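J.:
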Amino acid sequence: MYKIEKNTVQETLIIPLIGRKVCSEHFPELFKDSEAERICSMIDYDFEEKCKKMETKTGLHGALEVAQRQYGLAWEVKDYLKKHPKAAVVNLGCGLDDTFRRCDNGTCKGYNIDMPDVIEIRNELLPPAEREQNMVADLNDEAWMDKIDASDGAIFFAAGVFYYFKNEAIKTLLCKMAKKFPGGVVVFDSCNRRGVRMMSKTWLEEADMGEVNVYFSVEDKSEIEAWSDDFESVTARSYMRGYRDIFRDMNLLHKFLIMFCDIAVKMKIMRVEFKK
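Those letters in the sequence shown? Residues 731 to 1006, by the working numbering.
Following this line, the structure appears as C-alpha cells:
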C-alpha cells in the first residue's frame, strides 16, 4: 500500500483517479475503468469522503468530465497513431494516468513525464511496461525534449495539467515544442476564465487543496493560433460532446450542465498541429 497524506500536493493525483473510479461505477456502459479501481485499492488513503462528494448529482457530472476528457485525449492519440504507428506518445504531467496503455498499438513509444514525487508514486503503482518510460522532468526545463525519440512522429497530451501554469508559460512551452518537433501534435483540455474560477472554488477547494493556484484559460482558439507561425493548425472540440455525444443518455440536470460547460465555461479539447 502506498500512503498519500491529506493536504499535500500529491493529493491532486487522487482527484482525477476518484473521478474515473466513480464514473466507472455509476456509468459502466460509458466508461469502465478497472485500472482506476485497481490503483485506488493499492493506495493508503481515505477515499470515502471524496467519493461521497463526487457521488452527489453535481459531483457525478465532474466524474463524467474526467471520463470524457480521457476519452477525447485517447481518441486523438489513437487517431495520430493511425498515420504514425511508431510515434512517441508523450503524457505531459502524467500523474496516475494510463492513457498510453489504452492506446498502445504494439509499436509506439510511451513517455510519462512528471515531477520526482509523482514519478516515485507512479513507479510503485504503474511501473513502465514494454516501450514505456516514466520520466522525471520539469516541463519548464526544455531539456526533457532531447530525451524524446520523435524520429517516427510525436503526439503530446496533457490532462488537467496546463491550468497550473500561466498562459505565458504555456505559450513558451508550445512554441519551443513546435520548433523541436515539426509535424508533431499536442492536445490538451482548456476552459475560459470563468471555468478556472469555478475550478478553484469546487474541485480544489472541496479537496482541501485551496492553496493550489490555477491560471491557464482560453476564451477562443484564435488566442493560441496567434502564438506562433510554426503552428500548422489549431482546432477545438467540445469536452463533453466532441468525441462521443452522451447528451441523449443523461438526465435533465446533466444535460443542463453539459450545455453550461459548452456555452458558459467553453470546456474544450484543443489540438495544435506543428508545421513540418
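For glycine and all other residues, C-beta sits at the position ideal for the given N, C-alpha and C.
Everything numeric in this text was worked out from a predicted model, so none of it was measured.
(1) Going by DSSP, which residues form a beta bridge with R1001?
(2) Find the nearest neighbour of M731 within the set D776, G749, E759, D763, judged by alpha-carbon distance.
(3) In this structure, how does DSSP classify L1018 when only helix, strand and coil are distinguished?
(4) Looking only at C-alpha atoms, which of I954, I745, D975 sits nearest to M1000?
(5) Ignore the nearest five residues each way along the sequence and tell me which others in D868's own chain have a CB closer than 8 Å to its CB.
(6) Judging by CA-CA distance, which residue of K906, V915, D876, K910 is the nearest neighbour of F887?
(7) Check whether the Cβ atoms of I851 and V866 lie closer than 9 Å to each other.
(8) Which residues in the same chain as A804 place their Cβ atom closer than 6 Å to its Cβ, once the five residues preceding and following it in sequence are excluded?
(9) I'd like the list of long-range same chain contacts for A937, defined as Cβ closer than 8 Å, with 5 residues on each side in sequence excluded.
(10) Leaving out the 5 sequence neighbours to the left and right, which residues in its chain are closer than 8 Å to W957 when beta-carbon positions are compared?
(11) With 16 as the cutoff for other CB atoms within 10 Å, does D919 come out buried or exposed?
(12) Starting from the C-beta of A880, find all residues in its chain whose C-beta is less than 7 Å away, skip the five residues before and the five after it, and write them out in chain order.
(13) From this set, E854, G883, E872, N835, which residue's C-alpha is nearest E860's C-alpha?
(14) To the nearest angstrom, how far is the alpha carbon of P758 from that of L794?
(15) Give me the Cα-Cα distance between L826 and K736, rounded to the nearest whole angstrom.
(16) Is it buried or exposed, A908, if we count other Cβ atoms within 10 angstroms and call 16 or more buried?
(17) Whose C-alpha, out of I773, E962, M970, is nearest the C-alpha of L856?
(18) Can you have a look at R978 and say buried or exposed, based on whether 16 or more other CB atoms are within 10 angstroms of its CB?
T.: Once the coordinates are examined:
(1) Position 271 of the sequence shown, counted from the first residue, corresponds to residue 1001. DSSP lists V917, T965 as partners of R1001.
(2) Walking along the sequence shown from the start, residue 731 turns up at place 1. If we check each option's Cα against that of M731, D776 comes out closest.
(3) Nothing about residue 1018 can be read from this structure; the chain reaches only from 731 to 1006.
(4) Counting from 1 along the sequence shown, the entry for residue 1000 is found at position 270. The candidate whose alpha carbon is nearest that of M1000 is I954.
(5) Within the sequence shown, the letter at position 138 stands for residue 868. Hits under 8 Å: M845, W874.
(6) Taking the first residue of the sequence shown as 1, we reach residue 887 at position 157. It is V915.
(7) Looking up residue 851 in the sequence shown gives position 121. Looking up residue 866 in the sequence shown gives position 136. No, they are not a contact pair.
(8) Translated into positions along the sequence shown, residue 804 becomes position 74. Around A804: T829, R832, C833.
(9) Counting from one through the sequence shown, the residue named residue 937 turns up at place 207. For A937, the predicted model reports a pLDDT of 48, less than 50, meaning its position is unreliable; a value from the coordinates is still stated below. Once the five neighbours on either side are set aside, the close Cβ partners of A937 are E741, T742, I744, I745, K780.
(10) On the sequence shown, residue 957 is found 227 positions in, with the first residue counted as 1. Cβ neighbours of W957 beyond the five flanking positions: K901, L904, C905.
(11) By 1-based counting over the sequence shown, the position of residue 919 is 189. Under this definition D919 is a buried residue.
(12) Position 150 of the sequence shown, counting from 1, holds the residue named residue 880. If we look at A880 and ignore the five residues flanking it on each side, its Cβ neighbours are A818, F911, G914.
(13) Within the sequence shown, residue 860 is the residue found at index 130, counting from 1. Of E854, G883, E872, N835, the residue nearest in Cα terms is N835.
(14) Start at 1 with the first residue of the sequence shown, and residue 758 comes out as number 28. Start at 1 with the first residue of the sequence shown, and residue 794 comes out as number 64. Looking at the two C-alpha atoms, the distance is approximately 11 Å.
(15) Counting from one through the sequence shown, the residue named residue 826 turns up at place 96. Counting from one through the sequence shown, the residue named residue 736 turns up at place 6. Looking at the two C-alpha atoms, the distance is approximately 17 Å.
(16) Within the sequence shown, the letter at position 178 stands for residue 908. The residue in question, A908, is buried, as its Cβ has 16 or more Cβ neighbours within 10 Å.
(17) Here residue 856 refers to the residue found at position 126 when the sequence shown is read from its first residue. When only C-alpha atoms are compared, the closest one is I773.
(18) Sequence index remark: in the sequence shown, residue 978 carries index 248 (1-based). With fewer than 16 Cβ atoms within 10 Å of its Cβ, R978 is classed as exposed.
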